[in-house]
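The structure appears right after this line, and notes come after that.
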Amino acid sequence: MAIPVAPAAPTAPNAPTAPRPVPAAPRWAVLAAHAVTLTTLPAALWRIGVACGLPLGYTEAGFRRIRGDGWEGPAWLVLLSVLTEAAALLTLVLVRDWRLFSPRVTTAIAGTGAVVLAALWTPFLFWWAVPNAAMTETGHLLVGFVYLPLVAWAPLLAAVTVNYHRRHRR
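If you want it as structure tokens, here you go:
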């Protein structure tokens with residue numbers, strides 16, 4: 001005795017289909033995405049050092065002002081370091097096939113982030129032109145070099161975002 005089989009349902013013309021395969025990110029884009037995570041590391045480690053009580057280039061008065069007397073100052077410095085590194089790690093989404101959001105949304109978020117980062121960090125190129133009374137001369141010089149890699153975050157993110165957009169547009 002044969003079991004009757006129902007006929008296959010016709011597919012609608014607008015039925016959702018599986019996402020089409022996307023070409024893998026080129027090696028330069030993967031390296032740039034990983035480099036973004038490294039651009040934030042020196043500043044994050046410097047902030048954590050200040051949170052742990054190391055003056056790291058500050059005068060005594062400047063150190064008290066930046067760190068504070070209670071736990072809030074050190075907590076903020078550590079939280080800022082963690083959030084900065086987490087934001088940098090999000091760049092890896094652009095070179096992996098994780099599909100957290102639609103490509104259009106992902107491109108919009110990353111593109112906006114690149115513009116914001118450029119506006120935020122590019123003026124840091126002029127760090128050495130502005131004196132800082134809260135820091136020693138050597139500290140002012142060293143902090144400039146610690147934060148300088150952050151200037152590369154925006155162009156690296158922009159390049160990886162453009163590559164992501166081109167790969168998902170095809």
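Counted from 1, the sequence shown has number 83 at position 83 by the UniProt record's numbering; the numbering is strictly sequential. Built from N, CA and C at the ideal position, the CB exists for glycine as well.
What is the rounded straight-line gap between the Cα of residue i and the Cα of residue j?
i: Ile66; j: Gly73; result: 7 Å
i: Gly62; j: Val93; result: 38 Å
i: Leu89; j: Arg169; result: 23 Å
i: Val151; j: Ala25; result: 24 Å
i: Leu80; j: Gly139; result: 20 Å
i: Val50; j: Pro21; result: 47 Å
i: Gly57; j: Leu38; result: 22 Å
i: Val130; j: Thr136; result: 13 Å
i: Pro55; j: Arg64; result: 9 Å
i: Asp69; j: Gly53; result: 11 Å
i: Ala75; j: Arg104; result: 36 Å
i: His165; j: Asn132; result: 41 Å
i: Ala86; j: Arg27; result: 22 Å
What are the partner residues of residue i, as DSSP defines its beta bridges?
i: Tyr58; result: Met135
Would you mind stating whether residue i and residue j have Cβ atoms separated by less than 9 Å?
i: Leu120; j: Leu148; result: no
i: Ala134; j: Thr59; result: yes
i: Pro23; j: Arg167; result: yes
i: Thr84; j: Ala44; result: yes
i: Arg91; j: Val36; result: First, the amino acid is wrong: residue 91 is Thr here, not Arg. For Thr91 and Val36, yes; Cβs fall inside 9 Å.
i: Val146; j: Trp46; result: yes
Give me, in chain order, the residues of the same chain whose beta-carbon lies closer than 6 Å to that of residue i; leave out the 5 immediate sequence neighbours on both sides.
i: Trp128; result: Gly144
i: Ala29; result: Val95, Val160, Asn163
i: Thr40; result: Thr84, Glu85, Ala88
Once the 5 residues before and after residue i are set aside, which same chain residues still bring their CB inside 7 Å of it?
i: Thr161; result: Leu94, Thr107, Ala110, Gly111, Ala114
i: Val97; result: Here residue 97 turns out to be Asp, not Val, going by the sequence shown. Excluding residues within five positions, the ones whose Cβ falls inside 7 Å are Val22.
i: Leu142; result: Gly57
Leaving out the 5 sequence neighbours to the left and right, which residues in its chain are closer than 8 Å to residue i when beta-carbon positions are compared?
i: Ile48; result: Leu77, Val78, Ser81
* Quick one: any contact between the region 114-122 and the region 147-157, if contact means 3 or more CB pairs under 8 Å? -> Yes, they touch.
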